[in-house]
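Below is one structure, written out as C-alpha coordinates; the observations come after it.
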Amino acid sequence: MTTQRPLSDFPTAVGVQSPMGACGIMKHFAALGAKEIEEEERRLGFLNNRLRNESDPVKAEQLRQDIAALEAELESDRLAQTVIEEEISARCGP
(Lines of atoms letter the chains of each structure in order from A and count residues from 1; the text may use other names and numbers.)
(Lines give C-alpha, C1' and ligand atoms only; values in the text may rest on other atoms or scores of the structure.)
Protein backbone atom coordinates (compact mmCIF):
# COMPACT_ATOMS: atom_id res chain seq x y z
CA MET A 1 0.00 0.00 0.00
CA THR A 2 1.25 3.48 -0.64
CA THR A 3 2.50 5.46 2.31
CA GLN A 4 -0.32 7.39 3.91
CA ARG A 5 0.14 11.08 4.61
CA PRO A 6 -0.99 12.35 8.01
CA LEU A 7 -4.58 13.48 7.87
CA SER A 8 -3.58 16.89 9.14
CA ASP A 9 -1.75 17.40 5.85
CA PHE A 10 -4.84 17.12 3.68
CA PRO A 11 -6.31 20.63 4.00
CA THR A 12 -3.04 22.45 3.38
CA ALA A 13 -1.37 19.93 1.11
CA VAL A 14 -4.14 20.07 -1.45
CA GLY A 15 -5.19 23.68 -0.91
CA VAL A 16 -8.65 22.84 0.41
CA GLN A 17 -10.17 25.65 2.42
CA SER A 18 -13.36 24.06 3.72
CA PRO A 19 -13.54 21.10 6.10
CA MET A 20 -16.05 19.41 3.78
CA GLY A 21 -13.55 19.60 0.93
CA ALA A 22 -10.90 18.01 3.12
CA CYS A 23 -13.36 15.31 4.15
CA GLY A 24 -14.10 14.52 0.54
CA ILE A 25 -10.42 14.15 -0.23
CA MET A 26 -9.82 11.99 2.85
CA LYS A 27 -12.75 9.77 1.87
CA HIS A 28 -11.33 9.48 -1.64
CA PHE A 29 -7.95 8.36 -0.29
CA ALA A 30 -9.67 5.92 2.07
CA ALA A 31 -11.53 4.41 -0.89
CA LEU A 32 -8.24 4.03 -2.77
CA GLY A 33 -6.73 2.33 0.28
CA ALA A 34 -9.68 -0.07 0.48
CA LYS A 35 -9.23 -0.94 -3.18
CA GLU A 36 -5.52 -1.63 -2.63
CA ILE A 37 -6.40 -3.95 0.27
CA GLU A 38 -8.84 -5.84 -1.96
CA GLU A 39 -6.11 -6.25 -4.58
CA GLU A 40 -3.69 -7.54 -1.95
CA GLU A 41 -6.32 -10.04 -0.75
CA ARG A 42 -6.79 -11.30 -4.32
CA ARG A 43 -3.02 -11.64 -4.71
CA LEU A 44 -2.86 -13.56 -1.43
CA GLY A 45 -5.54 -15.95 -2.66
CA PHE A 46 -3.63 -16.45 -5.91
CA LEU A 47 -0.40 -17.22 -4.02
CA ASN A 48 -2.21 -19.66 -1.71
CA ASN A 49 -3.65 -21.47 -4.73
CA ARG A 50 -0.21 -21.70 -6.29
CA LEU A 51 1.19 -23.07 -3.03
CA ARG A 52 -1.47 -25.80 -2.89
CA ASN A 53 -0.51 -26.90 -6.40
CA GLU A 54 3.26 -26.58 -6.04
CA SER A 55 5.20 -29.85 -5.84
CA ASP A 56 8.73 -28.39 -5.90
CA PRO A 57 9.82 -27.90 -2.26
CA VAL A 58 12.11 -24.96 -3.10
CA LYS A 59 9.36 -23.11 -4.98
CA ALA A 60 6.87 -23.98 -2.24
CA GLU A 61 9.16 -22.46 0.40
CA GLN A 62 9.53 -19.28 -1.67
CA LEU A 63 5.76 -19.08 -1.99
CA ARG A 64 5.38 -19.49 1.79
CA GLN A 65 7.81 -16.62 2.31
CA ASP A 66 5.96 -14.46 -0.22
CA ILE A 67 2.65 -15.28 1.46
CA ALA A 68 4.00 -14.43 4.92
CA ALA A 69 5.35 -11.10 3.66
CA LEU A 70 2.08 -10.24 1.95
CA GLU A 71 0.06 -11.22 5.04
CA ALA A 72 2.20 -8.90 7.19
CA GLU A 73 1.76 -6.07 4.70
CA LEU A 74 -1.96 -6.72 4.50
CA GLU A 75 -2.31 -6.62 8.29
CA SER A 76 -0.43 -3.33 8.43
CA ASP A 77 -2.55 -1.87 5.64
CA ARG A 78 -5.77 -2.96 7.34
CA LEU A 79 -4.69 -1.28 10.58
CA ALA A 80 -3.79 1.91 8.72
CA GLN A 81 -7.13 1.82 6.91
CA THR A 82 -8.97 1.44 10.21
CA VAL A 83 -7.17 4.49 11.61
CA ILE A 84 -8.00 6.52 8.52
CA GLU A 85 -11.65 5.51 8.64
CA GLU A 86 -11.86 6.38 12.35
CA GLU A 87 -10.29 9.79 11.66
CA ILE A 88 -12.76 10.44 8.87
CA SER A 89 -15.64 9.44 11.12
CA ALA A 90 -14.39 11.68 13.91
CA ARG A 91 -13.69 14.68 11.70
CA CYS A 92 -16.37 14.38 9.06
CA GLY A 93 -19.22 12.35 10.49
CA PRO A 94 -20.77 9.34 8.76
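First residue of the sequence shown? That's 671 in my numbering, and the numbers climb one at a time after it. Built from N, CA and C at the ideal position, the CB exists for glycine as well. All values reported here derive from a predicted model rather than from experimental measurement.
#1: Express the C-alpha separation of E757 and R720 in angstroms, rounding to a whole number.
#2: Taking contact to mean at least 3 C-beta pairs separated by less than 8 Å, is the stretch 715–731 in contact with the stretch 697–705?
#3: Closest to E745 by CA distance: which of R734, C693, G694, E711 is it?
#4: Terminal residues of the continuous alpha helix (DSSP H) containing E731?
#5: State buried or exposed for L749, treating a residue as buried only when at least 16 other CB atoms are found within 10 Å of its CB.
This is what the structure gives:
#1: 38 Å
#2: Remark: fewer than three beta-carbon pairs, one from each stretch, lie closer than 8 Å, so the stretch 715–731 and the stretch 697–705 are not flagged as touching.
#3: E711
#4: Boundaries of the alpha helix (DSSP H) around E731: 727–762.
#5: Answer is exposed; the Cβ neighbour count stays below 16.
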